[in-house]
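Each residue of the sequence shown is one higher than the last, beginning at 1 in UniProt numbering.
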Amino acid sequence: MSLRIEPLRREHLDRIQLRPLDAQGLHCAGYDEQIQDFGEQMLVSGVAFTALAGPRILACAGMQSLRQGVGDLWALTSPELPRYGVAFCRAVRAWLPWVCAQQGVWRAQALVLEQHPVSCRWLEWLGFEREGLLRRYFGKQNFYIYARVQ
1 MSLRIEPLRR EHLDRIQLRP LDAQGLHCAG YDEQIQDFGE QMLVSGVAFT
51 ALAGPRILAC AGMQSLRQGV GDLWALTSPE LPRYGVAFCR AVRAWLPWVC
101 AQQGVWRAQA LVLEQHPVSC RWLEWLGFER EGLLRRYFGK QNFYIYARVQ
């Protein structure tokens, strides 16, 4: 079954099963796995999409506008995503320059839990550079901050 991308809808947030580190990241940010609250905020303040394989939600991702020219990249992923990892990575790699141009973003940034090396490698593959470690940033957890500046 192939990967397809469509605009994020609220029902996608109800149906996604999160990987443990994604659930932990939401908890650290104060959402306590309340995906709807997180999703509502992302839908209002940014651009988002869903990756699906058949009826299964593989990931919800997007970019939230923080201020003029600065966007915050985010992703919520399911345990099934690695089976479609190459296709998802290619889709995000194609989407990122487009969304930055559409939103007037010259700095795209992302936060990653310190103990999530897979996400660190993914961001580096997308052209992001690690800028530093934010100690005890959310929920007493350390996060790396990555940025891609144009």
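The beta carbon of each residue, even a glycine, is placed where N, CA and C say it ideally should be.
Query: Reduced DSSP category for S2 - H, G, I as helix; E, B as strand; rest coil; Result: coil
Query: Alpha-carbon spacing of A61 relative to V99, whole angstroms; Result: 12 Å
Query: F49, DSSP secondary structure in three states; Result: strand
Query: Residue range of the alpha helix (DSSP H) that includes W125; Result: P117 to W125
Query: Backbone secondary structure at Q68 - three-state DSSP; Result: coil
Query: Inter-residue CB distance, L134 and F128 (contact presumed, cutoff 8 Å); Result: That belief does not hold up - the Cβ atoms of L134 and F128 are roughly 15 Å apart, past 8 Å.
Query: For V112, three-class secondary structure by DSSP; Result: strand
Query: Run of the alpha helix (DSSP H) containing R10, from where it starts to where it stops; Result: R10 to R15
Query: Buried or exposed by the 16-neighbour rule on C-beta atoms within 10 Å, applied to A48; Result: buried
Query: DSSP-derived helix/strand/coil call for F88; Result: helix
Query: Span of the beta strand (DSSP E), counted from its first residue to its last, around L134; Result: E129 to F138
Query: Simplified DSSP assignment, three categories, for A29; Result: coil
Query: Short CB-CB distance (under 8 Å) between A29 and chain B; Result: Looking at the structure shown, chain B is missing, and only one protein chain is on hand.
Query: Three-state class that DSSP yields for R93 in the structure shown; Result: helix
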